[in-house]
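Presented below is the structure to which this report refers.
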Amino acid sequence: MMNEIKIVDKENANIMTLMIGRMIERNLQHEKTSEKIKNVNAVIALFCGKMSATLIIENGNVTLKSGAAQNPSATVEGSLKDFISLGAGKSFIFPVLTRGLKIRGNALHLLPLLHMFKSQDEQ
Amino acid sequence: MTTREELQKKLVDIFGEKRVLCGAETLKPYSSDMTENEAAMPDFAVKPHTVDEIVSLVQLANGTKTPLIPAVARTNLAGLTLANHGGIIVDLREMNKILDVKKDEMYALIEPGVTYAMMKEHLDANFPALRFGYPLSPPNTSIAANCLLDGLANISLKHSSTSNWINGMEAVMPTGEVVKTGSCAVSPYWFSRAPLPDLTGLFISWQGTTGIVTKMAVTLFPNPTHRFRAFLFCYDLPSAFELMTRLSKMDICDDIGGVSWTAGKMLFGVEKPMHREEGEPEFFVYVDISGNSARELRAKKALIEDILHQFKKKNIAIDGMIAVEDITKIDKAFAKFSEFPTYLDFLVDNPGGGLTWIGTYGPISRWTEGAVRGSEMMVKHGFPPTLVCRPMKGGHFVILRLITIFNKSDADEVEKVKKLNAELCDLVLELGFIPYKTPAWVVNKFMERMDKNFYALMKKIKQQLDPNGIMNPGKWLL
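Line by line, the protein sequences are chains A and B. First residue of the first sequence? That's 1 in this note's numbering, and the numbers climb one at a time after it. First residue of the second sequence? That's 1001 in this note's numbering, and the numbers climb one at a time after it.
Printed below as a string of C-alpha cells:
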C-alpha cells in the first residue's frame, strides 16, 4: 500500500516544508518506503536556520507542517544544503560527524525519516 | 479603395489559399497574447515561404495602405504583435531554415522562424564545439525576433543583449526593396557589422516598424567542455543583489540569475504565494560557470567559495552552492533550470492564463532599490512579488523584471494589473531603468523624459523608410 503525505496549509508553508514534503512525496510513491514506515509512530522536528517544520508519522500516515512541535521525539537541524544533499541521496554520515547536521532525541525514530528522504535511485 | 474580398484574392494570388488565413475563428489565436493588452483582431494572416512572397506582400500593402505585423511565436510580453490597427499578420514561422553554419567564423545564418529549440538541436548534433545563448523564453521563441527586440540569454553576462549577436541581416524594406546590412552587404561572409555604417540598427528594437527581416546571421560561441550550475539561497534582497553584483564583475561566470522566493514556491505547487516567514530565503541566485578543463572549473568554483566565505565573515547567511543536479533529484521541476532553452510552465501555463511584466534594463547601482521597492509595490497591490534578475555585459548594466501572473478572465484583476504595471513603470523610470520590448503605453511615459530630438529622429527615419505607415503601426507610437 502506498501512502501519501499531507502538507498542512500548503499555501502558507515555508520553503523547507515544501521541499521536504516533495522529497517525501516522491519517495512514498514506492511501496518499499511505505512498507518501512507502516508501523512507525514518531514526531520529528526539523530546523533550518530560523525555519522549522514538523513531521508526524502515525501508523505510516505522514503529515508535514511548518513550525516546530513542542515535544518531538527527535530533532534534526541543518542547512538547506544539508537537507537537499540528503534528498539527493548523499550520505548523512559526513554531515553528522562534522556537526553540519545535528541530531537529537530518539535515533530510532529518525531511521524512517532517512528512508523517506533518500532518493529512490539510491535505494 | 480595395475591398476585403479583393485584398483576399490578391493575397491568395501571392501565397495560395492554404497560406492565407481569414475568419474570426481561424484568426483568434493571433488576436491576443498572454498580457493584459486589449485583444485586436487582424484582417488576415499569411504564412510566407520566400523573400519574393514578402516583397509582393509589401508592395500590395503599400498599394492598399494595409498594415503588416511581422510575427513568429508571439510570446513577447508587450503586445507587440497585436494588430491594433487591423491589417495582416505576417506569420514567419514557416520560414525556418538554418541556412548555414560557419564553424571557423562562428556564426549561423538563419531564417526568422528558426527557434531556440531548433538551434540547440542542430548545434548539439552537428557542431558540438559551438554553442548559442538561450533565454528563459519558451523554446519555440524565434531567435531573430528576440535578437531584434534586444532580448537577453544565458550568456548575456559575458556577451551583452542579443542584438549584439547579430552579424548582419537581409530585410524587406517597407517600400519593397531587399537590403543587406553588415559585412554581407560587401563580402560573401556574414562575420560582423563592422567596419560598415551600422544599418542593422535601423531594425533593432524598432518592433517591426521598419521592415521585415528575412535572414539573420547570429554569432555562435565556443562551447566549453566543463560546466557547473548551482543555486545559492539568500535570505534578504540586499545580500542577494550584492552577491550578484560582486560575482558579475569577477569575469568568472557565464551566467548569473536571481529569482524571488515566490518562483520557488510556485515550482512546489503554491499557486499564489503571498506569505514568507522571516527565516525563509528571499532570493535564489543561480550561477553558471564553465571551463576548458576540470582544473579551470575547480578554480572558478574556489573563487566563488571565497566570496561566500567573505559574506559569512560579515554574518550574512547564504546557503550554497547547491548543484542543480541535486535539487533536480528532489523535484524534477528544477530540471527546468539545468539546461536551456527551457519552458517555465509554472509561469507560462499558470491557471489564470495571464502573464505580464515590467522588464527593464538599467543601472546596477539602483538594482537593489528597484528590487526592494518594486517588490513592496507588488505586494501592496495584492500580487506575489516575483522578480527575475540578471547582470549583463560583465555587470555594466542589469535586468530587473517584475513579473505578474493573473487571471485573464477576471476583468477586475486585469484592471488591477494595469494599475500595478503603471506604477511599476513610474518607479523603474524614476530609477533610470528602461522597459525593453517596450509596449506602446510605456512609450507615452517615456515622452515625459525622452530626449525630444531622439524621438524626432525616430519619426524622421520611420517616415523615410515607411512613407505609407504600413509596418506595425502604433508601436513606439509611430
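Ideal placement from N, C-alpha and C gives every residue a C-beta, glycine not left out. Note that the coordinates shown come from a computational prediction; the quantities given were computed from them, not determined experimentally.
Check                                                                                                                                  : Outcome
Opening and closing residue of the alpha helix (DSSP H) in which D1426 of chain B lies                                                 : A1411 to E1430
Those residues which DSSP pairs with Y1361 of chain B across a bridge                                                                  : B:I1399 and B:I1434
Length of the line joining the Cα atoms of A74 of chain A and E58 of chain A                                                           : 15 Å
Rounded Cβ spacing between T1210 of chain B and F1203 of chain B (contact assumed at less than 8 Å)                                    : 6 Å
Close Cβ partners of Q123 of chain A (< 7 Å) along its chain, the five nearest in sequence each way excluded                           : Confidence at Q123 of chain A is low in this model, with a pLDDT of 44, below 50, so the placement of that residue should be treated as unreliable; the coordinate-derived value is given next. Answer for Q123 of chain A: K32, listed in chain order.
I1470 of chain B - DSSP class collapsed to helix/strand/coil                                                                           : coil
Span of the beta strand (DSSP E), counted from its first residue to its last, around K1215 of chain B                                  : I1212 to T1219
8 Å Cβ cutoff, A1240 of chain B in contact with chain A                                                                                : no
Extent of the continuous beta strand (DSSP E) to which G1291 of chain B belongs                                                        : F1283 to G1291
is_contact[G1382 of chain B, chain A] using C-beta, thresh 8 Å                                                                         : no
C-alpha gap between I1155 of chain B and V1012 of chain B, whole angstroms                                                             : 43 Å
Coil, strand or helix - T1386 of chain B by DSSP                                                                                       : strand
7 Å Cβ shell around M1 of chain A - same chain, five flanking residues per side excluded                                               : With a pLDDT of 48 at M1 of chain A, under the threshold of 50, the modelled position of that residue is not reliable, and no figure is offered here.
Residue closest to T1002 of chain B, alpha-carbon to alpha-carbon, out of B:K1047, B:K1065, B:N1037 and B:V1270                        : B:K1065
V1379 of chain B, buried or exposed, once every other Cβ within 10 Å from all chains shown has been counted against 16                 : exposed
Helix, strand or coil at G1353 of chain B according to DSSP, with G and I counted as helix                                             : strand
Contact set between H84 of chain A and chain B, taken where Cβ atoms lie within less than 7 Å                                          : The question names His, but residue 84 of chain A is Ile in the sequence shown. Simply I1322, D1326, I1327 and I1330.
Contact set between the stretch 13-29 of chain A and chain B, restricted to residues whose Cβ is under 7 Å from the partner            : N14, I15, L18, M19, R22 and M23
For P1138 of chain B and M1244 of chain B, the rounded distance between their alpha carbons                                            : 25 Å
Pairwise C-alpha distance: A1108 of chain B and L114 of chain A                                                                        : 50 Å
Cβ-Cβ distance between E1282 of chain B and L1237 of chain B below 8 Å                                                                 : yes
Beta-carbon contacts of D1251 of chain B that lie in its chain and below 7 Å, excluding the five residues immediately before and after : G1394
Other residues of its chain near C1147 of chain B: CB distance less than 7 Å, five sequence neighbours each side excluded              : T1162, S1163, W1165, I1166, M1216 and V1218
Beta-carbon gap between D1288 of chain B and R1246 of chain B smaller than 8 Å                                                         : no
Whole-Å CB distance - M16 of chain A paired with L46 of chain A, under 8 Å assumed                                                     : 7 Å
Option in B:D1124, B:L1130 and B:I1088 with minimal Cα separation from K1102 of chain B                                                : B:L1130
Contacts that K50 of chain A makes with chain E (C-beta to C-beta distance below 9 Å)                                                  : Considering every chain present, this structure includes no chain E. Its protein chains are A and B.
8 Å Cβ cutoff, E11 of chain A in contact with chain B                                                                                  : yes
Interface residues of chain A facing K1265 of chain B [CB-CB closer than 7 Å]                                                          : I15 and L18
Residue from B:L1457, B:F1406, B:V1417 and B:L1400 with nearest C-alpha to F1433 of chain B                                            : B:L1400
Short-range partners of chain A found in the stretch 1396-1412 of chain B, where Cβ spacing is below 9 Å                               : none
Expected contact under 8 Å - CB spacing of D1319 of chain B and L1232 of chain B to nearest Å                                          : 7 Å
C-beta atoms of I1089 of chain B and T1081 of chain B nearer than 8 Å                                                                  : yes
Own chain partners of G1264 of chain B with C-beta closer than 8 Å, once the 5 adjacent residues on each side are dropped              : P1281 and F1284
Straight-line gap, R1484 of chain B to D1124 of chain B (C-alpha atoms, nearest Å)                                                     : In the structure displayed, chain B extends from 1001 to 1478; residue 1484 of chain B sits before or after that span and is not available.
Where I1327 of chain B falls: helix, strand or coil (DSSP)                                                                             : helix
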